[in-house]
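Participant: Line order of the protein sequences matches chains A and B.
The first sequence begins at 1 in UniProt numbering and counts up one residue at a time.
The second sequence begins at 1 in UniProt numbering and counts up one residue at a time.
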Amino acid sequence: MINESLEFIMAGRRQRQRRWVLVTGFLAVLSFILCGAMLLLGSTIYPVKDVFRALTGEQLQGVSFAVNTIRLPRMLAGLFAGFAFGLAGNTFQTMLRNPLANPNVIGITSGSSAAAVFCIIILHTSGGVVSIASVIAGLATVLFIYLLSRGKAFSVGRLILIGIGLQAMLDAMISYLLLVGAQQDIPEALRWLTGSLNGAQMHELPPLVATFFIFAPIVILLGKHLSILELGEQSAASLGIDTDKTRILLIVSSVIMIAVATATTGPIAFVAFLSGPIAKRLVGVGFSNVIPAGLVGVNLVLGGDLIGQFAFAYRYPVGIITGILGAPYLILLLIRMNRKGEL
Amino acid sequence: MNSSSVTKNSQQSLHIPKNFRMILVICFAFLGICVIASLALGSRVVGFNGLIDGLFHRNIDSYEVNVVRNRIPRTVFSLFCGAALGVSGALMQAVTRNPIADPSILGVNTGASLFVVCGIAFFNISTGNEYIWLALVGAAVTAVFVFGIGSMGRGGATPIKLVLAGAATSAALASLVTAIMIPRSYVMDQFRFWQVGSVGSGTWSAIATFIPFLIIGILIAVITAPALNALALGDDVATGLGVRTGILRLLAALGAVVLCGATTALAGPIGFVGLLATHVIRLILGPDLRFVIPMSAISGAMILTVSDVCGRLIGSPGELEVGVVTAFIGAPILIILAMRSKVGSL
Numbered sequence: 001m002i003n004e005s006l007e008f009i010m011a012g013r014r015q016r017q018r019r020w021v022l023v024t025g026f027l028a029v030l031s032f033i034l035c036g037a038m039l040l041l042g043s044t045i046y047p048v049k050d051v052f053r054a055l056t057g058e059q060l061q062g063v064s065f066a067v068n069t070i071r072l073p074r075m076l077a078g079l080f081a082g083f084a085f086g087l088a089g090n091t092f093q094t095m096l097r098n099p100l101a102n103p104n105v106i107g108i109t110s111g112s113s114a115a116a117v118f119c120i121i122i123l124h125t126s127g128g129v130v131s132i133a134s135v136i137a138g139l140a141t142v143l144f145i146y147l148l149s150r151g152k153a154f155s156v157g158r159l160i161l162i163g164i165g166l167q168a169m170l171d172a173m174i175s176y177l178l179l180v181g182a183q184q185d186i187p188e189a190l191r192w193l194t195g196s197l198n199g200a201q202m203h204e205l206p207p208l209v210a211t212f213f214i215f216a217p218i219v220i221l222l223g224k225h226l227s228i229l230e231l232g233e234q235s236a237a238s239l240g241i242d243t244d245k246t247r248i249l250l251i252v253s254s255v256i257m258i259a260v261a262t263a264t265t266g267p268i269a270f271v272a273f274l275s276g277p278i279a280k281r282l283v284g285v286g287f288s289n290v291i292p293a294g295l296v297g298v299n300l301v302l303g304g305d306l307i308g309q310f311a312f313a314y315r316y317p318v319g320i321i322t323g324i325l326g327a328p329y330l331i332l333l334l335i336r337m338n339r340k341g342e343l
Numbered sequence: 001m002n003s004s005s006v007t008k009n010s011q012q013s014l015h016i017p018k019n020f021r022m023i024l025v026i027c028f029a030f031l032g033i034c035v036i037a038s039l040a041l042g043s044r045v046v047g048f049n050g051l052i053d054g055l056f057h058r059n060i061d062s063y064e065v066n067v068v069r070n071r072i073p074r075t076v077f078s079l080f081c082g083a084a085l086g087v088s089g090a091l092m093q094a095v096t097r098n099p100i101a102d103p104s105i106l107g108v109n110t111g112a113s114l115f116v117v118c119g120i121a122f123f124n125i126s127t128g129n130e131y132i133w134l135a136l137v138g139a140a141v142t143a144v145f146v147f148g149i150g151s152m153g154r155g156g157a158t159p160i161k162l163v164l165a166g167a168a169t170s171a172a173l174a175s176l177v178t179a180i181m182i183p184r185s186y187v188m189d190q191f192r193f194w195q196v197g198s199v200g201s202g203t204w205s206a207i208a209t210f211i212p213f214l215i216i217g218i219l220i221a222v223i224t225a226p227a228l229n230a231l232a233l234g235d236d237v238a239t240g241l242g243v244r245t246g247i248l249r250l251l252a253a254l255g256a257v258v259l260c261g262a263t264t265a266l267a268g269p270i271g272f273v274g275l276l277a278t279h280v281i282r283l284i285l286g287p288d289l290r291f292v293i294p295m296s297a298i299s300g301a302m303i304l305t306v307s308d309v310c311g312r313l314i315g316s317p318g319e320l321e322v323g324v325v326t327a328f329i330g331a332p333i334l335i336i337l338a339m340r341s342k343v344g345s346l
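(1) Can you check whether the C-beta of F328 (chain B) is within less than 7 Å of a C-beta belonging to chain A?
(2) In terms of residue numbering, what span does the alpha helix (DSSP H) encompassing M152 (chain B) cover?
(3) Does the Cβ of P47 (chain A) have 16 or more other Cβ atoms within 10 Å, making it buried, or fewer, making it exposed?
(4) Below 8 Å, how does it come out for the stretch 106-125 of chain A and the stretch 230-240 of chain A: are there three or more Cβ pairs, yes or no?
(5) Rounded to whole angstroms, what is the Cα-Cα separation between R13 (chain A) and V252 (chain A)?
(6) Which residue marks the beginning of the alpha helix (DSSP H) containing R53 (chain A), and which one marks its end?
(7) Could you name the residues of chain A that residue 353 (chain B) contacts, counting a contact when the two beta carbons are closer than 9 Å?
(8) State yes or no: is the beta carbon of R336 (chain A) nearer than 7 Å to at least one beta carbon in chain B?
(9) Is any beta-carbon of chain A found at less than 7 Å from that of T96 (chain B)?
(10) List the endpoints of the continuous alpha helix (DSSP H) containing K18 (chain B).
(11) On the three-pair Cβ rule with 8 Å, is the stretch 90-99 of chain B touching the stretch 156-172 of chain B?
(12) Quick one: using the 10 Å Cβ neighbour count with 16 as the cut-off for buried, is N66 (chain B) buried or exposed?
(13) Determine which residues of the stretch 127-146 of chain A have a Cβ less than 8 Å from any Cβ of chain B, and write them out in chain order.
(14) As an exercise, report each continuous alpha helix (DSSP H) stretch of at least 4 residues that is fully enclosed by the stretch 199-234 of chain A, in chain order.
(15) What is the DSSP secondary structure of V343 (chain B), reduced to helix, strand or coil?
(16) Any beta-carbon of chain A closer than 7 Å to the one on T224 (chain B)?
(17) If you check the beta carbons only, do S112 (chain A) and A236 (chain A) fall under 7 Å apart?
(18) Near G138 (chain A), what residues of its chain come up, given a Cβ to Cβ distance below 6 Å and the 5 sequence neighbours on each side ignored?
(19) Should G78 (chain B) be flagged as near chain A, meaning a C-beta pair shorter than 7 Å?
(20) Note down, in chain order, every chain C residue with its Cβ under 9 Å from the Cβ of P99 (chain B).
(21) Starting from P183 (chain B), find everything on chain A with Cβ-Cβ shorter than 9 Å and list it in chain order.
(22) Determine, using beta-carbon pairs with one atom in the stretch 274-292 of chain A and one in the stretch 58-78 of chain A, whether at least three such pairs fall under 8 Å.
(23) Identify which residue in B:A140, B:N124, B:S78 and B:S198 has its Cα closest to the Cα of V108 (chain B).
(24) My output table needs one value for E321 (chain B): the three-state DSSP class, helix, strand or coil.
(25) Quick one: which unbroken alpha helix (DSSP H) runs of 4-plus residues sit fully inside the stretch 185-259 of chain B? Chain order, please.
(26) From B:G202, B:I60, B:I149 and B:N129, pick the residue whose C-alpha is nearest to that of R74 (chain B); which is it?
(27) Quick check on I278 (chain A) - is its C-beta less than 7 Å from some C-beta in chain B?
(28) Anyone know if the C-beta pair for S307 (chain B) and S43 (chain B) falls short of 7 Å?
(29) Would you tell me roughly how many angstroms separate the C-alpha atoms of I207 (chain B) and H124 (chain A), rounded to the nearest one?
(30) Does the beta carbon of T148 (chain A) come closer than 7 Å to any beta carbon on chain B?
(31) Quick check on H279 (chain B): does DSSP put it in helix, strand or coil?
(32) Once DSSP output is grouped into helix, strand and coil, what is the label at L304 (chain B)?
(33) Please go through the stretch 83-148 of chain A and give each complete alpha helix (DSSP H) segment of 4 or more residues, from N-terminal end onward.
(34) Under 9 Å Cβ-Cβ, which residues of chain A neighbour A179 (chain B)?
(35) When you compare only the Cα positions, how much space is there between W133 (chain B) and G261 (chain B)?
(36) Going by the beta-carbon positions, is the gap between R74 (chain A) and A200 (chain A) smaller than 7 Å?
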C-alpha cells in the first residue's frame, strides 16, 4: 500500500521533471534560434556561412561590420538583459506571492531611472557612476517601499499601492529633470526611459555581462529556497531556511541585475512582469521556474525586437512591442485574480 | 404630516459643521491670495502697482501690465480646471465608495489621451473643440472598463483592486499611445504640447468651451450629493432609504467623467488634484458630501492654481508643467492613505 502511493508520487514527480526538462529545453532552443535570427536578419540578409566566418574573425566586406559591430552587441544586450529581467521579475513575484508585485509595477525601475537621469543631467557624469547610482537608487527604493508598507501587519496589497504612489512621484521628478536639463544631455537621459536595443555597443556590454555572471547564479542557486519561501514565512523557517538572509540576498541580487540591465537597454516594458507567470504556466507547479523565467525573458526581448524591426513598415523599439503584448496580459491576470478573490 | 416630517428630518440632517462660516471665509481668502499670486508671480514678477494697473486701468500700456493681462485667462482657466478636477474626484470617490479614486489613478486621463491621439493621427483633428468630445468618450469608456475590472469578484470594488485596474489599464493605453505616436512625428509634435498637462494653454476661447461642461458637471454633482450620502452607508441601506443606486451611480459617474474629460481635453492629463482636494476638505469638514463636493471645487481650484504658480517659479525662466507639480504633491497622499488603511480594507 505504502509502496504503491510512493510509486504514485514518484511517478508524478518524474512526470513533472520530464515536463520541466522539456519546457526548459524548448525555451533554450527557441532562444538559440532567435539569437541566430538576430545575427542573420537585417536590412541585408547574409548567408549563415558568411555570418559564421565574420564571427570567427575573418574580415569580409560589409558582413563583418554589420554582424560584429551592429547585430552582435544588439543580440548580446537583448540576451543578457532579457535573462536578467526575467530572473529578477520572477524572484519578486514568487517571494511576495503576487504576480503584480514586480519591479515594473512597484516603481523600482522608476527609482533607478530617476537616479540615472539625475546623474546625467545635474551631475554631468556618465558610464560606471551612472550605473552604480542607479543600482543604489533601486535598492533604496525597495527599502523605502518596504519600510513604508510594514505597518502593523505586512500586506502585499499595501506594498503595491505605495509602490504605485512612489512611482508617480519618481516619474514626476524625471519629467522635471528632463525639463531643466541641457539640450545635449537629453538624448542620453532618454535612453533610460524607453526600452530599446538600438545603439547597443560592444564596449557597453562588459558591466552587464559581469553582473549577470555574478548574480544570476546566486538567484538560480537560491531558486530552490525561493519555492519554499513561497509556502510562507513559518513553513519556510520550519523547513530550515534562514528566511531573512535568503530574502535579502535574493532582493539585492535581483535589484542589481535589473538596474544594470536597465542601464544597458533602458526599461523594456513588462518583460520582468511577464516572464514569471508565463514560465509558471509552462512549467506547472512543483519545480522551480527560475531558469525557465529567465529564458522566457530572453525570448520576449529578442522576439519583441525582431517583431519591432521587421513586422511593420516602421521600426519600433522593443519596449513598444513588449508593452503592447504585456499590457493586455496584465489586465487579463488582474481579471483572473479578482475572480478568484486573490487580491 | 408625512411630508412635513420628511422635511424636518432632512433639515435636521443638514448638520452644519462647526466653524463652517469661518472655514468658508478662510478658504475664499486663500483663494484670493492664490489668484493674486498667479497674476503677479512667474518668470517675471510684477509689483503691486503693475498688478493694479493691469487689472483696473485699461488705458495704461506697459510691459508689466501686459504680463498681468496675459496671466488673467490662464488664472481663470486654472481655477476652473481645478474646481472641475476637485469635484470629479469627490464624485468618483463617492461612486466607487473608495477613498483612493482620482481621474489619474483610475486611468481615465490616459483613456482620454488615447482617444485624442487617435483623433490627431487618424482623423486629422486639431482643435480643442474637437478634442473635447473625443476625450469625453475616451474618459467614459475607460471609466466603465476600469470600474468593471475593479469590481469583479468577492468584495466588490476595493481600493486595491480599483487602483490596480486603473494602473494596469493606464499602462496598457499608454503603450498604445506611444505605438501610435512614434512613427508619426507630426502627431508627436501636436500631442507633446497637449500631453504635458498644463494650464498654460488657457485662453478665453478655451474657457468658453469649458464653461458648459463645468456647469453641467457641477449641477449633476450638487443634485446627486444627498443621495450619494446615502450610498456611502452601503448599497442595501441606500436602497432601503429609497435611493435607486444604479441610476444614481450612472448619473454621478457621468458628472465625474464630463468634468475630468473636459479638463483633460483642454489642459491635458493632470493627476492627483481630485485626490488631494477631497481629502483635505474631508479632513476639515467631515464626510458629508453636500459640503465636501462644493468645497472640493474651491480647494481643487486653490491647489491647481498654487501648483501652477510653483511650476512657473521652479521652472523659471521656462515653466514646469502643472501636471508634474501635482503628481509630486499628490502622490504622497496616496502613499499615506495606503499606509493608514487597514489590511482588511485593502
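Glycine included, every Cβ here is placed at the ideal spot set by N, Cα and C.
Facilitator: The answer reads as follows:
(1) yes
(2) Segment: none, M152 (chain B) is in no alpha helix (DSSP H) and carries neither H nor E.
(3) exposed
(4) no
(5) 32 Å
(6) V48 to L55
(7) Limits of chain B in this structure are 1 at one end and 346 at the other, which puts residue 353 (chain B) out of reach.
(8) no
(9) no
(10) No alpha helix (DSSP H) contains K18 (chain B), which DSSP labels as neither H nor E.
(11) yes
(12) exposed
(13) Across the stretch 127-146 of chain A, no CB contact with chain B closer than 8 Å is found for any residue.
(14) 205-221 and 223-229
(15) A caution first: V343 (chain B) carries a pLDDT of 46, below 50, which makes its placement in the model unreliable, though a value can still be read off. DSSP places V343 (chain B) in coil when its eight states are reduced to three.
(16) no
(17) no
(18) I108, G111, S112, V255 and A259
(19) In the sequence as displayed, the identity of residue 78 (chain B) is Ser instead of Gly. Cβ-Cβ to chain A under 7 Å: no for S78 (chain B).
(20) In the structure shown, chain C cannot be found, because the protein chains are A and B.
(21) Correct list: F312, A313, Y314, R315 and Y316.
(22) no
(23) B:A140
(24) coil
(25) 185-195, 204-231 and 235-240
(26) B:G202
(27) Output row for I278 (chain A): interface = no.
(28) The answer is no: Cβ separation not under 7 Å.
(29) Rounded to the nearest angstrom, the two C-alpha atoms are 42 Å apart.
(30) For the record, residue 148 (chain A) in the displayed sequence is Leu; it is not Thr. By this cut-off, L148 (chain A) is an interface position.
(31) helix
(32) In the three-state reduction of the DSSP assignment, L304 (chain B) falls in the helix class, which pools H, G and I.
(33) 108-121
(34) Y316, I320, I321, G323 and I324
(35) 8 Å
(36) Between R74 (chain A) and A200 (chain A), the CB-CB gap stays under 7 Å.
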